Amino acid sequence: ITFDCGPDPVTITVDRPARIFNDTGPRIVIDGGGLVTLSGGGSSRILYMNTCDPDSHWTTDHCQDQDHPQLTVQNLTFIDADSRSETEYDGGGAIWVRGGRFKVVNSRFFNNRCADTGPDVGGAGIRVFSQFEGRPVYVVNSTFGGADGYGNTCANGGGISSIGVSWTILNSVFSYNHAIGNGGNPAMSGTPGGGSGGAIYNDGNTMTLSLCGTLLEHNDVVQHGSAIFFVSNDHSGDIRIDRSTITSNTGGSWYPTYPQISCHDDTPIVVTDSTIE
């Protein structure tokens with residue numbers, strides 16, 4: 261899918277999310293050519309894919325673990341999305357994905373929002389569930405926030421959020437994003453919950469977060485994980501940080517091994533040629 265909008269940059273504002281149908285593709289590439297900005301207009305999510313939603317056409321009897329659609333978004337900017345009105349499929353301010361495969365290449369996410377509170381809801385830029393065979397989501401050469409005034413905001417996971425999903429993040433920037441919930445997960449008594457993972461929020465089982473050539477800075481939280489919140493319920497999975505910088509992320513507590521990273525104290529973290537300060 262490409263855009264024929266002429267040689268100049270263009271912004272396209274949606275009033276409802278574009279839906280990926282599961283019986284199309286199976287490989288779908290949405291390419292903005294570096295000229296297209298997709299806007300939620302401050303009131304709508306931008307893109308939605310869900311292999312387990314019958315309205316998107318079921319194609320298998322194992323929707324939670326199927327290899328299609330295989331969606332790539334590239335050379336696009338996503339701005340001003342807002343999924344706070346979503347209740348059934350919450351989180352995922354700009355993009356919400358369940359199932360198949362998903363990849364982001366050379367794209368930017370600015371000023372997107374999702375639910376303000378909640379113990380597990382998140383991903384102002386992207387929220388992902390149930391990738392085929394547990395394979396990782398790839399984020400390559402992409403920016404979430406990037407400068408003061410451009411950050412993304414949600415209860416958890418100012419940039420990205422997932423449950424039971426691995427991520428491979430290459431040559432990307434997460435900065436000035438905000439996790440604004442209050443009370444953590446599970447929510448403390450008398451609180452609505454949330455406030456963890458300024459840049460990245462990973463929850464679930466058997467997952468790996470891998471960063472290479474990536475910068476996480478000036479993200480902030482109320483509760484935990486000013487840069488990264490990574491909690492494996494069964495204490496499996498690991499974090500790998502290579503040639504990356506994590507610095508000047510603020511707020512929160514529960515940093516057992518490294519500053520700005522909240523995880524179980526038995527979570528393996530492999531750090532190579534990187535700065536965490």
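Going by this note's numbering, the sequence shown runs without a break in its numbering and finishes at 537.
Built from N, CA and C at the ideal position, the CB exists for glycine as well.
Since this is a predicted model, take the numbers as computed values, not measurements.
In chain order, what residues of the same chain lie with their CB nearer than 8 Å to the CB of Thr297, ignoring the 5 residues before and after it? Pro269, Val270, Thr271, Ile272, Leu336, Thr337, Phe338, Ile339
Backbone secondary structure at Asp390 - three-state DSSP: Asp is not the amino acid found at residue 390; the sequence shown has Ser there. Coil.
Look up Cys374 in the DSSP assignment and say whether it is helix, strand or coil. coil
Of the residues Ser367, Gly385, Thr428, the one placed nearest Val397, counting alpha carbons only: Thr428
DSSP state of Asp340, grouped into three classes? coil
Does the region 366-376 come close enough to the region 322-329 to have 3 or more Cβ pairs within less than 8 Å? Counting Cβ pairs under 8 Å, fewer than three are found: no touch.
For a test of the three-state rule: what should DSSP assign to Cys312, helix, strand or coil? Reduced to three states, the DSSP call for Cys312 is coil.
Kindly give me the distance between the Cβ atoms of Thr468 and Ser426, rounded to whole angstroms, as I take these residues to be in contact under 8 Å. 4 Å
Secondary structure, beta strand (DSSP E): runs of 3+ residues fully inside the region 376-448: 386-389, 397-400, 403-405, 420-423, 427-430, 433-435
Relative to the alpha-carbon of Gly359, which residue among Gly409, Phe281, Ser303 has its alpha-carbon at the smallest distance? Phe281
Cβ neighbour criterion (16 or more within 10 Å) applied to Gly351: Flag for Gly351 reads buried.
Is it buried or exposed for Ala407, if we count other Cβ within 10 angstroms and need 16 for buried? Ala407 should be labelled exposed.
Using the Cα positions of Gly302 and Ile488, report the straight-line distance between them to the nearest angstrom. 26 Å
Between the alpha carbons of Ser456 and Leu476, how many angstroms are there, rounded? Going by C-alpha positions, Ser456 is about 15 Å away from Leu476.
Cys414 beta carbon less than 8 Å from that of Ala439: Result yes, Cβ atoms of Ala439 and Cys414 sit closer than 8 Å.
Contacts around His357, its chain only, beta-carbon distance under 6 Å, and the 5 residues preceding and following it disregarded: First, the amino acid is wrong: residue 357 is Val here, not His. Correct list, in chain order: Met309, Val388.
Quick one: using the 10 Å Cβ neighbour count with 16 as the cut-off for buried, is Val530 buried or exposed? exposed
Look at the alpha carbon of Asn445 and the alpha carbon of Gly454, and state the distance between them as a whole number of angstroms. 6 Å
Distance, Asn465 Cα to Cys323 Cα: 19 Å
Among Leu430, Asn462, Asp480, Ile460, whose alpha-carbon lies nearest the alpha-carbon of Tyr436? Asp480
Using the Cβ count rule (16 or more neighbours within 10 Å means buried), how would you classify Val420? Reading off the sequence, residue 420 comes out as Ile, not Val. Under this definition Ile420 is a buried residue.
Does DSSP classify Gln324 as helix, strand or coil? helix
Check Gly302 in the structure and name its three-state DSSP category. It is coil, neither helix nor strand.
Report back the beta-carbon spacing between Arg279 and Ser304 to the nearest angstrom; my notes put them in contact at under 8 Å. Rounded, the Cβ-Cβ distance is 12 Å, inconsistent with contact.
Compare the Cα-Cα distances from Gly411 to each of Ala341, Ile506, Asn371 and report the closest residue. If we check each option's Cα against that of Gly411, Asn371 comes out closest.
Distance between Ala384 and Gly417 (C-alpha atoms, nearest Å): 7 Å
Backbone CA spacing between Asp533 and Thr507 [nearest angstrom]: 14 Å
Applying the criterion that 16 or more other CB atoms from any shown protein chain within 10 Å of the CB defines a buried residue, is Arg373 buried or exposed? buried
State the beta-bridge partners of Cys523 as determined by DSSP. Its beta-bridge partners are Phe490.
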